[in-house]
Amino acid sequence: MTEVLAPLPGRAVPLADVPDPVFAGLVVGAGLAVEPEDGATEVEAVSPVAGRVMKVHPHAFVVLDEGGAGVLVHLGIDTVRMDGRGFTVHVADGDEVERGARMITFDPTAVRSAGYSAVCPVVVMQSTADSIGSAVPAGSTVAPGRPLFTWSPPAAP
2 MTEVLAPLPG
12 RAVPLADVPD
22 PVFAGLVVGA
32 GLAVEPEDGA
42 TEVEAVSPVA
52 GRVMKVHPHA
62 FVVLDEGGAG
72 VLVHLGIDTV
82 RMDGRGFTVH
92 VADGDEVERG
102 ARMITFDPTA
112 VRSAGYSAVC
122 PVVVMQSTAD
132 SIGSAVPAGS
142 TVAPGRPLFT
152 WSPPAAP
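Pasting the structure below:
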């Protein structure tokens, strides 16, 4: 079982409520999302698991944990269109990171001002809804580095 930590402060949101059909439909995988507080301008997103940075963009990153699970954190919806404005990357592809390591600093107010949602999906890639457990209740306030949900890989056949 993998404990996935909240990568940023905010309010827990079910993926079904994320305004993007890819995340809401669990196409990428299952998990939860975090809505940053209104008025937040400099939020540090931290690694939800220990492992290797498989890919980092200004608006998203994937960390592969020691068990082989890829955890994606996407900072806002459609924020790739911001071309990195409002985002500062602190790691590189291939870096080994601890849980809670600073990954990207971003400005949710700038995201919202640009017309995008600042909600941040946190997804175990290629997972299913029934593999997620011990999730914080929707609407709960979460803090970075605190448990967000657990993930269990499917049982071997």
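Read left to right, the sequence shown gives residues 2 to 158 (my numbering). The beta-carbon is built from N, C-alpha and C at its ideal position, and this holds for glycine as well. Please read all numbers here as calculations on a predicted model, not as lab measurements.
DSSP, reduced to helix, strand and coil, places P49 outside both helices and strands of the structure shown, so it counts as coil. Beta bridge pairing from DSSP links F62 with V57 and V74. For A31, the uninterrupted beta strand (DSSP E) segment begins and ends at G30 to E36. Under a 10 Å Cβ-count criterion, P49 is classified as buried, with 16 or more other Cβ atoms of the shown protein chains found around its own Cβ. For the 8 Å CB-CB criterion, T151 and M55 do not form a contact. Remark: fewer than three beta-carbon pairs, one from each stretch, lie closer than 8 Å, so the segment 85-95 and the segment 130-147 are not flagged as touching. Look at L16 here: in three-state DSSP terms it is helix. Non-local C-beta neighbours of A46 in its own chain, meaning closer than 7 Å and more than five positions away in sequence, comprise P8, L9, V74, L76, M104, I105 and F107, ordered along the chain.
Under the DSSP definition of a beta bridge, P122 partners with A34.
For the 8 Å CB-CB criterion, L33 and V57 do not form a contact. Excluding residues up to 5 positions away in sequence, L6 and A7 lie with their Cβ nearer than 8 Å to the Cβ of R147 in the same chain.
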